[in-house]
Amino acid sequence: MQLSDTSLTTTHTTKDETCKASSTTANSNDHDVRLGWILVNKNLISEDQLNTALNNQPTSSQQIGELLTEQQLISEQQLQQALQEQYWRRNGYWIIE
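So, in C-alpha coordinates, the structure goes:
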(Lines of atoms letter the chains of each structure in order from A; the text may use other names.)
(Lines give C-alpha, C1' and ligand atoms only; values in the text may rest on other atoms or scores of the structure.)
Protein backbone atom coordinates (compact mmCIF):
# COMPACT_ATOMS: atom_id res chain seq x y z
CA MET A 132 0.00 0.00 0.00
CA GLN A 133 1.38 3.39 -0.94
CA LEU A 134 0.26 6.79 0.27
CA SER A 135 -0.52 9.27 -2.46
CA ASP A 136 -0.05 13.01 -2.24
CA THR A 137 -3.16 14.83 -1.14
CA SER A 138 -3.46 18.43 -0.15
CA LEU A 139 -5.43 20.19 2.52
CA THR A 140 -5.78 23.81 1.52
CA THR A 141 -7.86 26.51 3.12
CA THR A 142 -8.02 30.09 1.92
CA HIS A 143 -9.86 33.05 3.39
CA THR A 144 -9.49 36.81 3.19
CA THR A 145 -9.13 39.16 6.14
CA LYS A 146 -8.63 42.93 5.83
CA ASP A 147 -7.53 42.76 2.18
CA GLU A 148 -4.96 40.07 2.73
CA THR A 149 -5.25 36.43 1.84
CA CYS A 150 -3.99 33.84 4.27
CA LYS A 151 -3.35 30.37 3.01
CA ALA A 152 -2.61 27.28 5.05
CA SER A 153 -1.44 24.43 2.90
CA SER A 154 0.25 21.13 3.60
CA THR A 155 0.77 17.77 2.05
CA THR A 156 0.61 14.27 3.43
CA ALA A 157 3.92 12.56 4.01
CA ASN A 158 5.35 10.06 1.60
CA SER A 159 8.90 8.87 1.15
CA ASN A 160 9.92 12.17 -0.51
CA ASP A 161 7.90 14.60 1.60
CA HIS A 162 9.55 15.62 4.86
CA ASP A 163 7.72 18.91 5.32
CA VAL A 164 4.74 17.89 7.41
CA ARG A 165 3.15 20.80 9.20
CA LEU A 166 1.98 20.53 12.79
CA GLY A 167 -1.33 22.20 11.98
CA TRP A 168 -2.11 19.59 9.34
CA ILE A 169 -1.40 16.80 11.82
CA LEU A 170 -3.74 18.34 14.39
CA VAL A 171 -6.53 18.87 11.83
CA ASN A 172 -6.03 15.36 10.43
CA LYS A 173 -6.42 13.91 13.94
CA ASN A 174 -9.61 15.98 14.42
CA LEU A 175 -8.09 17.75 17.41
CA ILE A 176 -8.77 21.18 15.90
CA SER A 177 -10.82 22.41 12.97
CA GLU A 178 -9.43 24.11 9.89
CA ASP A 179 -11.04 27.36 11.07
CA GLN A 180 -9.29 27.08 14.44
CA LEU A 181 -5.98 26.44 12.69
CA ASN A 182 -6.45 29.41 10.37
CA THR A 183 -7.32 31.69 13.29
CA ALA A 184 -4.17 30.62 15.13
CA LEU A 185 -2.08 31.06 11.96
CA ASN A 186 -3.48 34.56 11.51
CA ASN A 187 -2.56 35.42 15.12
CA GLN A 188 0.91 33.91 14.93
CA PRO A 189 2.70 36.80 13.14
CA THR A 190 1.76 39.19 15.97
CA SER A 191 3.00 36.74 18.59
CA SER A 192 6.43 35.39 19.43
CA GLN A 193 4.88 31.97 20.03
CA GLN A 194 4.92 28.92 17.80
CA ILE A 195 1.63 27.49 16.56
CA GLY A 196 1.54 24.69 19.15
CA GLU A 197 2.05 27.17 21.98
CA LEU A 198 -0.78 29.36 20.69
CA LEU A 199 -3.16 26.41 20.46
CA THR A 200 -2.35 25.18 23.98
CA GLU A 201 -2.63 28.72 25.38
CA GLN A 202 -6.09 28.98 23.80
CA GLN A 203 -6.89 25.58 25.34
CA LEU A 204 -7.74 24.11 21.93
CA ILE A 205 -5.31 21.24 22.54
CA SER A 206 -3.65 19.84 25.64
CA GLU A 207 0.09 19.71 26.29
CA GLN A 208 -0.10 15.93 25.83
CA GLN A 209 -1.83 16.27 22.44
CA LEU A 210 0.81 18.78 21.39
CA GLN A 211 3.63 16.44 22.42
CA GLN A 212 2.05 13.53 20.53
CA ALA A 213 1.60 15.66 17.41
CA LEU A 214 5.19 16.93 17.63
CA GLN A 215 6.40 13.35 17.96
CA GLU A 216 4.41 12.36 14.87
CA GLN A 217 5.83 15.36 13.01
CA TYR A 218 9.35 14.26 13.95
CA TRP A 219 8.79 10.71 12.73
CA ARG A 220 7.19 11.85 9.46
CA ARG A 221 10.02 14.31 8.77
CA ASN A 222 12.49 11.50 9.28
CA GLY A 223 10.81 9.29 6.71
CA TYR A 224 8.73 7.03 8.94
CA TRP A 225 5.15 6.24 8.04
CA ILE A 226 2.54 6.63 10.72
CA ILE A 227 -0.13 3.93 10.49
CA GLU A 228 -3.32 4.70 12.34
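One point on numbering: in my numbering, the residue at position 61 of the sequence shown is 192, and numbering is uninterrupted. Glycine is no exception: its CB is placed at the ideal position from the N, C-alpha and C atoms.
Under the criterion of beta carbons closer than 8 Å, Ile-205 and Gly-167 do not qualify as touching, at roughly 11 Å. Proximity of the region 169-186 to the region 198-218 meets the contact definition, three or more beta-carbon pairs being nearer than 8 Å. Excluding its 5 nearest sequence neighbours in each direction, Asn-187 has C-beta neighbours in its own chain below 7 Å: Leu-198, listed in chain order. Apart from the 5 residues on each side of it in sequence, Leu-210 sits with its Cβ closer than 6 Å to the Cβ of Gly-196 and Thr-200 in its chain, given in chain order. One alpha carbon belongs to Trp-225, the other to Tyr-218, and they sit about 11 Å apart. Burial is judged here by how many other beta carbons sit within 10 angstroms of a residue's own beta carbon; Ile-227 has fewer than 16 and is exposed.
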